[in-house]
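2 protein chains.
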Amino acid sequence: MHPVNPPARLLMGPGPIDADPRVLRALATPLVGQYDPWMTETMNQTQELYRRVFGTRNEATVLVDGTSRAGIEAALVSLLAPGDSVLVPVFGRFGHLLAEIAGRAGATVHTIETEWGQVFPTSVIEDAIVRVRPKLLAVVQGDTSTTMNQPLDELGAICERHGVLFYTDVTASVGGNPLEVDAWGIDAVSAGLQKCLGGPSGSAPLSLSPRAVAVLDTRRSVEAGIREPGDDVSEHPIQSNYLDLAMIIDYWGPRRLNHHTEAASMLYAANECARILLEEGRDAVVERHALAGRAMLEGVRGLGLTVFGDVSHKMHNVVAVEIPDEVHGDAVRSAMLEDHGIEIGTSFGPLHGRVWRIGTMGYNARKDTVVTTLSALEQSLRRGGKSVPQGGGVDAALDVYAGLSAELDAQLDGAVPA
Amino acid sequence: MHPVNPPARLLMGPGPIDADPRVLRALATPLVGQYDPWMTETMNQTQELYRRVFGTRNEATVLVDGTSRAGIEAALVSLLAPGDSVLVPVFGRFGHLLAEIAGRAGATVHTIETEWGQVFPTSVIEDAIVRVRPKLLAVVQGDTSTTMNQPLDELGAICERHGVLFYTDVTASVGGNPLEVDAWGIDAVSAGLQKCLGGPSGSAPLSLSPRAVAVLDTRRSVEAGIREPGDDVSEHPIQSNYLDLAMIIDYWGPRRLNHHTEAASMLYAANECARILLEEGRDAVVERHALAGRAMLEGVRGLGLTVFGDVSHKMHNVVAVEIPDEVHGDAVRSAMLEDHGIEIGTSFGPLHGRVWRIGTMGYNARKDTVVTTLSALEQSLRRGGKSVPQGGGVDAALDVYAGLSAELDAQLDGAVPA
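Chains as they are written, first to last, in numbering that gives the first Met the number 0: chain A, 0 to 417; chain B, 0 to 417.
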């Protein structure tokens, strides 16, 4: 068997996307012991980097050693004891996932649903909170299955008014869309690296407010084998050990209580992802995603395709495109992959076979990747049997870039933008 | 904040150890989408590599995307429904961990304990099985907290005779000590990369026998959001979603049912770890660990130190050394780290502050690392206030290597070994 030697790919699906080359280099950094002073200092630094990424001062900001799904489950299984009530607004596949995971944690799960391609008006969520009176509101910010971006900025105040904890999964949205954990009153947030952060799947940055930590404290339990006199032992500990955030926080905190062995390579990757984002600047990164997303959106429209869903609530970093009747969706995706080396995605459930999902995320939220993808899509559609305007996608995308460039130039010159 | 730039370290503790440079290079491999034909083929190949590492033909051989502790919890939470009975023989810190995790999974946990530094006679485990009649026997093979290696080769037949499932955690032992999953009748086994496999923490190779898979099948449940008509839905699904092995097997299997997003970088690392081991040969790798372990053992004795525990049941790849009264244990460890760049470990619970643990694992199971460590230990003990024979450690270790080299030379020459 030969060593891993992947084909050249440009990953323009809903994630994972190509890792930033700086992140790949960081992954190859030599290991250091988990209690080495340099390692604990690097863990502290990584916590501070993710506080800045999330827009929070939460002390309890850590990495969960698993994929973004591990971060979701860590949050839900730690905050929800069996019998606790949770409200999950479902607007796509990942809302169903939150409900599924909360149910397995033994919670009483209440869902509200809206049509795929839409988000919830804030008032609908508030009405459900008043009706259900849950302990926790759990909502996805950006659901890649539909590309929608649920507005969260008013939900924290509503939750606080009703004494409800507020958790959100920002895996698909963080970096590409605004997020202000403290200003929006979010108590618990979890993410992954493989979308707009430009890293590999396998590490889940997560942050908890002091209010959320207080909930954990009621079930804190130091495990046998490392327990010392006076340590907490709960009759009803969190039902997972690996994903017990109280233990994970003790491991990252000043006591450094042994839990798992930190996945150092993924820590290095997470650290580098955050540094890349913060060097460019949070607002600038969101703006770059907004621009690439607008160019891709206008580009697919320029090819005569229809965009799925409520475009005014779309995430910047992914667009769902209705598959035209004239072509076979999987055949076009295969042609994109095999003839052009470009990956785009299909979707789940009601959208399976109905839309392609095209991402412009992280390292791949660039003009050249947008243009290359639209050019390849034009060729693949044409060869798949649909007539498309020559250059219709590329021109529309470049017009977006040119327009915004002119506006930016004017701003830099001190002129009033149009 | 600066990029991660660790100090030079030689990691001779109980793990993690220095990753093989080939594994570091593999980590830096570009990403590919999770359903790319190349990626699914690489996943299949990795499954086959770990079948060979484990000595099994189990179809259900996968990676769990987390540290070795995630693998343990995946096995226990998937095989044990609430109320099921489990027997855990505890001979160190990680036996307590198995009991803790099984308890959080809702199992009724029965433990038997032996003194730290000892293993169980097989008959004692069989007697407990007869008394308890558990659904599952869960036992650590090698417990790094004590360095002991529990003999497993007869337990499978005993479990089969009594209708008990047999799980073992081989994180600390695999690669450095014999393991024959099929020949020994093991139903479930989980590991990690960061010991004798020479990789980073963060991926947990795991294998299940058909008998274990049949147990999972009774609780198989396809999650909402990707469920199709006819799919299994259980009233009592496995209580974790992330660590649900039925779902993880469906993700790795022919249906490729979406679950987590595979941690591709860690998959690459796991793949390379297995290839390195299999290229050298399973038996040859065990023999290399046996030789390095014997050299380190004789080396610390040559410095006048006392080895902890039942040496005849010690893992090849780690030795526990009693801290002599004349020195301060942490001061010597600090001198090793700060003056020589070499990490050795302390231990947990009853052994905390009583022993150092010195590992010779994976890429670091070499003559030069053994000699360098013993040389540094001699200097650190001397400067810490204990008089030690000059060269006593280095000479004893080199004698072991010289003796075995002579024997191997004789074998290669066709002569009868002594």
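Where a beta carbon is used, it is the ideal one built from N, C-alpha and C, also for glycine.
Item, Value
"Selection from A:32, A:27 and A:97 that minimises the alpha carbon distance to residue 170 (chain A)", "A:97"
"Proximity test, Cβ basis, 9 Å: residue 29 (chain A) and chain B", "yes"
"Beta-bridge pairing of residue 148 (chain B) - partner residues as DSSP gives them", "B:141"
"Span separating the alpha-carbon of residue 138 (chain A) from that of residue 87 (chain A)", "6 Å"
"Cβ-Cβ separation, residue 93 (chain A) to residue 117 (chain A) (assumed contact under 8 Å), whole Å", "That pair is no contact at about 15 Å."
"Touch test, the region 130-148 of chain A against the region 311-323 of chain A, Cβ-Cβ under 8 Å, three pairs minimum", "yes"
"Residue of B:30, B:248, B:356 and B:398 minimising C-alpha distance to residue 62 (chain B)", "B:248"
"Enclosing beta strand (DSSP E) for residue 204 (chain B) [first to last residue]", "203-207"
"Run of the alpha helix (DSSP H) containing residue 274 (chain A), from where it starts to where it stops", "263-279"
"Cβ neighbours of residue 266 (chain B) in the same chain (closer than 8 Å, five flanking residues each side left out)", "41, 42, 45, 62 and 202"
"Helix, strand or coil at residue 415 (chain B) [DSSP, three-state]", "Note that residue 415 (chain B) scores 41 on pLDDT, short of 50, meaning its location in the model is unreliable and no value can be drawn from it."
"Cα-Cα separation, residue 38 (chain A) to residue 333 (chain B)", "15 Å"
"Under 9 Å by beta carbon: chain B residues contacting residue 321 (chain A)", "Here the premise fails: no neighbours, minimum Cβ distance about 21 Å."
"C-beta neighbour in chain B for residue 37 (chain A), strict 9 Å", "yes"
"Beta-carbon spacing of residue 327 (chain A), residue 375 (chain A) below 9 Å", "no"
"Neighbour list for residue 119 (chain A) in chain B, Cβ cutoff strictly below 7 Å", "Within 7 Å Cβ-Cβ: nothing; residue 119 (chain A) doesn't reach chain B, min ~17 Å."
"Residues bridged to residue 418 (chain B) [DSSP beta-bridge criterion]", "The question about residue 418 (chain B) has no answer, for chain B in this structure spans 0 to 417."
"Residue 135 (chain A) vs residue 85 (chain A) beta-carbon contact at 9 Å", "yes"
"3-residue-minimum beta strand (DSSP E) runs that sit fully inside the region 6-33 of chain B, ordered along the chain", "none"
"Distance CB(residue 30 (chain A))-CB(residue 5 (chain B)) smaller than 9 Å", "yes"
"Assigned secondary structure, residue 241 (chain A) (DSSP; H/G/I helix, E/B strand, else coil)", "coil"
"Reduced DSSP secondary structure (H/G/I, E/B, other) of residue 4 (chain A)", "coil"
"Beta-carbon proximity check, residue 301 (chain B) vs residue 358 (chain B), cutoff 9 Å", "no"
"Min CB distance residue 95 (chain A) to chain B below 9 Å", "yes"
"Secondary structure of residue 363 (chain B), DSSP reduced to three states", "helix"
"Residue 110 (chain B) - partner residues in DSSP beta bridges", "B:87"
"Rounded C-alpha distance that separates residue 234 (chain B) from residue 72 (chain A)", "19 Å"
"Contacting positions in the region 33-64 of chain A - beta carbon closer than 8 Å to chain B", "33, 35, 37, 38, 41, 44, 47, 48 and 64"
"Cβ contact check for the region 265-284 of chain A and the region 153-167 of chain A: 3 or more pairs under 8 Å", "no"
"CB contact flag (residue 108 (chain B), residue 239 (chain A), <9 Å)", "no"
"Environment of residue 20 (chain B) [buried if 16+ CB atoms lie within 10 Å]", "exposed"
"Residues, ordered as in the chain, of the region 163-177 of chain B that lie near chain A by beta-carbon distance below 7 Å", "none"
"Residue 74 (chain B) and residue 207 (chain B) closer than 9 Å at C-beta", "yes"
"Inter-stretch contact (C-beta, 8 Å, three-pair minimum) for the region 287-296 of chain B and the region 257-273 of chain B", "no"
"Residue of B:293, B:255 and B:348 minimising C-alpha distance to residue 401 (chain B)", "B:293"
"Contact with chain B by residue 66 (chain A), beta-carbon distance below 9 Å", "yes"
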